[in-house]
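Worksheet: one structure, shown below.
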Amino acid sequence: MAGTAGSINAAVAASAGQPLLVAGFAEWREAARELLAFDIAPHAVKWIGQRDEADLFAGAPADPHEAAHAIDLRQARPVMHLPRKLMDMLQSAACCRVPDRWAFLYRVVWRWQHGDQVVLSPADEDGARLHAMVKAVHREEHDMHAYIRFRERPEAAGAPRFVAWFEPAHDVLPQVAQHFVSRMGRISWMIATPDASVLWDGETLHNTGPLVSSAADLDDAGEALWLTYYRSIFNPARLNAGLMRSHIPSRFWKHLPEGSVVPQMVSQAAAGARRTGQAEAVGQRRGTTIPIAADKAQPQRQAPSTLDECRRCELWQHATQAVGGAGPAHARIMLVGEQPGDQEDLAGEPFVGPAGQLLDQVLRDAGLDRRTIYLTNAVKHFKWEPRGKRRLHKTPAQREIEACSYWLDQELAQVKPDVIVALGSTALKSVLGTGNVTLKDTIGKPIRHDGRWVITVYHPSFVLRVPDEASKQQAMAVMVDGLRQAQQLLQMKSEN
Amino acid sequence: MDLTDKLEILADAAKYDASCASSGAPKRSSEGKDGIGATSGMGICHSYTPDGRCVSLLKILLTNFCIYDCQYCVNRRTSNVPRARFSVDEVVKLTVDFYLRNYIDGLFLSSGIIRSADYTMEQLVHIARQLREVHNFRGYIHLKTIPDADPALIAAAGKYADRLSVNIELPTQASVEKLAPEKSVHTIKLAMGSIRRRLDEKAEEPRSPKFAPAGQSTQMIVGADASDDQTILSTAETLYTSYKLKRVYYSAFSPIPQSPGSVPLAPPPMLREHRLYQADFLLRSYGFVASELLPASGGNLALDIDPKLAWALANREHFPLDLNLADASMIARVPGIGLRNAKRIVELRRLRRIRYADLVRLRCSMKKIAPFIVTADYSPVRGAASSEVLRRSLAEAPQQMNLWPELRAA
Ligand code: SF4
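These protein sequence lines are chains A and B, in that order.
Under my numbering, the first residue of the first sequence carries the number 142, and numbering increases by one thereafter.
Under my numbering, the first residue of the second sequence carries the number 228, and numbering increases by one thereafter.
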């Protein structure tokens with residue numbers, strides 16, 4: 142007789158030369174654990190997976206007492222803890238219908254137990270087979286999730302409301318049933334397969350035993366609508382039947398309702414319907430144009446500002462929108478930054494991102510009210526380059542600064558500030574209209590330019606990038622000083 | 228008009244949109260609950276049509292009445308097509324019925340512009356709300372956003388939909404102005420930007436109300452205008468990084484009935500669309516930037532070889548690459564080694580040195596990778612083959628070139 146994991150000590154049985162009968166993964170795992178504990182090599186174990194196979198071994202020598210002498214039951218060794226990944230793979234592979242699955246899985250864990258971790262790599266021979274088995278099982282689960290077709294039974298027939306027939310190539314029904322439990326809520330259904338069936342009554346899953354096949358015989362009016370959809374969503378101009386067939390293995394087609402209409406669709410498309418994407422049936426119907434005048438069809442949009450339509454340089458192309466200045470029309474202090482950043486580009490307002498928050502802090506420290514100041518940038522479109530999944534700010538080139546000074550000049554002419562605070566060198570270059578200035582020479586030294594004061598401080602983004610806290614505080618102090626100076630210069634002006 | 232007729236017309240009208248995936252939604256289950264529907268995060272293709280495209284969603288238009296006149300679109304107001312309109316209940320019922328029979332994973336709903344952008348968007352949101360709130364539908368919902376619609380409506384759409392999309396359709400402003408006079412790239416970008424801001428807000432404040440958990444996507448039509456692949460890819464790159472899109476879909480232009488003179492009579496080769504998808508995948512997952520694949524001066528992707536191979540042939544100085552020493556990201560750049568195998572190679576490397584036979588067992592295409600790699604027991608003969616020669620030996624047999632012989636002859 143064959144040994145059964147759980148009923149007889151597997152190690153004892155194996156060492157007596159008895160085959161081990163396992164019906165499922167849990168049993169196999171128990172048996173494998175014991176065998177590993179007694180260090181019984183894979184070649185010394187005969188595994189069988191089905192009762193009828195077991196019958197072949199009926200009458201094989203079996204004497205558990207004798208076997209017990211062969212191994213010393215006190216000599217059990219600790220079994221290594223299997224990593225989760227390996228456990229998951231074993232469990233999946235165990236669903237793969239190959240005759241030697243239990244023996245193979247035991248060889249894998251045996252190798253692992255003996256420190257041979259390469260067994261997990263698909264570049265290893267056993268590893269490759271293990272991966273292939275797992276893949277075959279996952280594939281079958283996926284296909285069953287995808288290609289099961291439920292048919293609806295008449296109300297009067299009672300539960301289950303939906304039934305499906307499927308012929309899975311591997312033992313995946315339990316996990317697939319779970320998938321449909323989560324999909325169908327409290328609605329009852331049944332999936333029948335050649336060797337097992339499950340029924341969901343809305344609350345519990347039941348194994349209803351083998352050979353229930355009724356789904357195939359059901360008529361379902363819903364199927365006609367599905368076929369209409371299937372035919373209509375196909376674009377005959379893209380006919381590629383080979384690709385379609387490579388996606389769905391042929392054994393599934395015969396159970397899919399759409400399988401029956403495919404040949405006709407293919408031949409119609411091949412016969413000329415593919416000149417246009419439109420389905421022939423639709424093309425034959427009477428059509429209508431929509432009688433509405435072009436100007437009436439135009440959506441109500443705010444007319445784009447001239448700034449938004451600016452094409453003076455290329456920067457507009459990769460930006461969302463131009464970001465103009467914001468603040469009182471006749472503010473006495475104007476802050477000029479470099480260019481909008483990622484957040485400003487999306488929001489359409491200057492200084493709303495992290496740099497804007499730092500600027501708010503600096504303004505508070507300097508005792509200035511943001512609402513009294515006009516805030517703008519030297520360049521109005523965000524210049525950036527991709528870095529990973531982010532937009533990395535890129536310093537505008539001199540020609541872009543020059544191109545965009547057109548807009549800054551307009552703002553200056555309108556607002557007529559007494560003091561300009563240039564944040565960083567791009568702003569400074571733009572305000573002074575020259576590329577030949579450096580931050581170093583001008584920081585902290587007010588300049589008279591075009592009848593107003595220009596004060597230069599760091600750009601808040603620069604301060605954000607300063608690595609250590611002490612230098613950061615220092616840089617912020619420079620900004621605060623500059624803004625205080627701006628106020629003093631204003632006062633001097635009004636006292637004059 | 229009965230439901231079948233409407234379905235026939237409104238699915239036909241929706242098939243030009245390439246978006247199809249149902250992935251990226253958070254896990255949901257209806258086990259033990261009223262209502263139906265689940266999402267696994269992965270998305271399932273429930274069927275394939277003879278064009279080789281998958282069916283994972285019920286993809287329909289609410290209506291194909293449209294007051295716009297986009298030249299590439301079969302539903303444009305001047306087009307003489309049969310028109311139809313679903314009622315809200317019809318869309319809801321179709322979705323639920325198809326879902327129960329396991330035909331689909333959810334709904335992808337789009338619409339022609341009727342009356343106004345706001346009115347149209349309201350209808351779309353109404354259907355999604357009905358599905359979620361009245362029917363407790365937990366399957367996937369993707370709503371096409373009407374860019375001109377009130378941002379409050381877009382916010383509402385994000386509350387019910389897993390994914391939102393705003394189609395850019397054409398890669399340049401000039402093409403949009405010419406072929407879609409009622410649309411505006413500016414408005415489209417603003418809509419994408421507003422969706423991204425809400426997604427960012429949600430990410431920063433996890434307890435804030437739900438918003439489009441599967442993110443946003445867009446579609447670009449290839450071959451309706453004269454834009455080259457460089458323009459298309461750099462526009463895609465801009466959109467990916469600016470608006471954190473999950474996907475850009477490329478849809479080879481299909482000729483439409485009574486085509487206006489402003490668009491081509493023939494489609495571009497399908498292989499072009501395929502190459503764009505391959506290049507797009509390199510942008511999204513391999514860390515390539517568009518300028519590595521095509522020079523800023525313009526051009527198209529090669530049709531005879533895939534974009535990764537083209538890049539490797541143009542950058543021979545990086546190869547042959549020693550698989551026992553190189554960075555994972557560089558290994559993934561070897562033609563014929565995908566992300567998964569790159570990861571496996573690095574894992575195996577921790578245990579022992581990589582040998583040629585390992586790659587065979589990993590099912591790498593040896594012909595393709597051999598000239599580009601060094602292993603413990605193999606290195607290619609230096610200077611054995613010029614890039615020209617390699618290219619010729621590795622070029623794929625021309626596929627699908629004769630897909631439309633009758634049109635090409637015309
Ligand atoms: S950056 Fe300035 S000059 Fe260049 S396009 Fe934008 S607004 Fe015009």
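All C-beta atoms, glycine included, are put in the ideal place defined by N, C-alpha and C.
List, in chain order, every chain A residue whose beta-carbon is nearer than 8 Å to that of residue i.
i, result
"SER481(B)", "ASN376, ALA378, ARG379, THR417, GLY418"
"MET497(B)", "ARG379, ASN381"
"ASP296(B)", "ALA435, ALA438"
"THR372(B)", "Per Cβ cutoff of 8 Å: no residues; THR372(B) is ~14 Å from chain A at best."
"CYS293(B)", "ILE431"
"GLU409(B)", "ALA438, GLN439, PRO440"
DSSP beta-bridge partners for residue i?
i, result
"MET331(A)", "VAL304(A), LEU340(A)"
"LYS371(B)", "SER392(B)"
"PRO527(A)", "ARG532(A)"
"LYS437(A)", "Its beta-bridge partners do not exist; DSSP assigns none."
"MET475(A)", "TYR515(A), ILE561(A)"
"MET447(B)", "GLU396(B), TYR477(B)"
"LEU548(B)", "ILE600(B)"
"LEU334(B)", "LEU285(B), ILE368(B)"
"ILE341(B)", "In DSSP, ILE341(B) forms no bridge with anything."
Let's test the definition: count the other Cβ atoms within 10 Å of the Cβ of residue i and tell me whether it reaches 16, buried, or not, exposed.
i, result
"ARG619(B)", "exposed"
"GLU455(A)", "exposed"
"MET385(A)", "buried"
"ALA208(A)", "Caution is warranted here: a pLDDT of 48 is assigned to ALA208(A), below 50, making its placement in the model unreliable, and no coordinate value can be reported."
"ASP316(B)", "exposed"
"GLU235(B)", "buried"
"PRO205(A)", "Residue placement at PRO205(A) is poorly supported in this model, since its pLDDT is 48, which falls under 50; the coordinates still yield a value, given next. That one is exposed."
"THR322(B)", "buried"
"HIS272(A)", "buried"
"PRO558(A)", "buried"
"GLY488(B)", "exposed"
"LYS395(A)", "exposed"
"ASN577(A)", "exposed"
"ARG540(A)", "exposed"
"MET228(A)", "exposed"
"ASN302(B)", "buried"
"THR597(A)", "buried"
"ASP377(B)", "exposed"
Please look up how many angstroms separate the CB atoms of residue i and residue j, rounded, as I've assumed it's under 8 Å.
i, j, result
"LEU426(B)", "CYS297(B)", "27 Å between Cβ atoms; not a contact."
"ARG290(A)", "PRO390(A)", "Not confirmed; about 16 Å, so no contact."
"GLY270(B)", "SER256(B)", "The Cβ separation is near 16 Å, so there is no contact."
"PRO482(B)", "ALA378(A)", "6 Å"
"TYR275(B)", "HIS286(A)", "TYR275(B) to HIS286(A), Cβ: 15 Å. No contact."
"SER444(B)", "TYR476(B)", "7 Å"
"TRP243(A)", "TRP169(A)", "5 Å"
"LEU536(B)", "LEU460(B)", "That pair is no contact at about 17 Å."
"ILE294(B)", "ILE340(B)", "5 Å"
"ALA506(B)", "PHE480(B)", "Not quite, the Cβ-Cβ distance comes to about 18 Å (not below 8 Å), so this is no contact."
"SER614(B)", "ARG560(B)", "Not quite, the Cβ-Cβ distance comes to about 16 Å (not below 8 Å), so this is no contact."
At a CB-CB cut-off below 8 Å, which residues of chain B make contact with residue i?
i, result
"HIS459(A)", "THR465, SER469"
"LYS530(A)", "TYR467, THR468, LYS471"
For residue i, return the contacting residues in chain A, with the cut-off set at a CB-CB distance below 9 Å.
i, result
"GLU431(B)", "Per Cβ cutoff of 9 Å: no residues; GLU431(B) is ~12 Å from chain A at best."
"GLY262(B)", "GLY326, ARG327"
"THR322(B)", "Simply none; closest approach about 11 Å."
Name, please, each residue of chain B whose Cβ falls closer than 9 Å to the Cβ of residue i.
i, result
"ASP506(A)", "Per Cβ cutoff of 9 Å: no residues; ASP506(A) is ~26 Å from chain B at best."
"ASP449(A)", "HIS413"
State yes or no: is the C-beta of residue i nearer than 7 Å to some heavy atom of the ligand NAP?
i, result
"ARG453(A)", "Absence of the ligand NAP is noted for the structure shown, with the ligand SF4 being the only ligands found."
So residue i contacts chain A; which residues on that side make the cut at Cβ distance below 7 Å?
i, result
"SER444(B)", "Simply none; closest approach about 15 Å."
"ASN329(B)", "ILE289, ARG290, PHE291"
"ASP585(B)", "ALA264"
Residues of chain B with CB under 7 Å from residue i, in chain order?
i, result
"MET228(A)", "Ordered by position in chain B, no residue passes the 7 Å Cβ test against MET228(A), which lies about 17 Å from the chain."
"VAL322(A)", "GLU258"
Against residue i, what residues of chain C qualify as contacts under a CB-to-CB distance less than 8 Å, listed in chain order?
i, result
"ASP507(B)", "Any reference to chain C falls outside this structure, whose protein chains are A and B."
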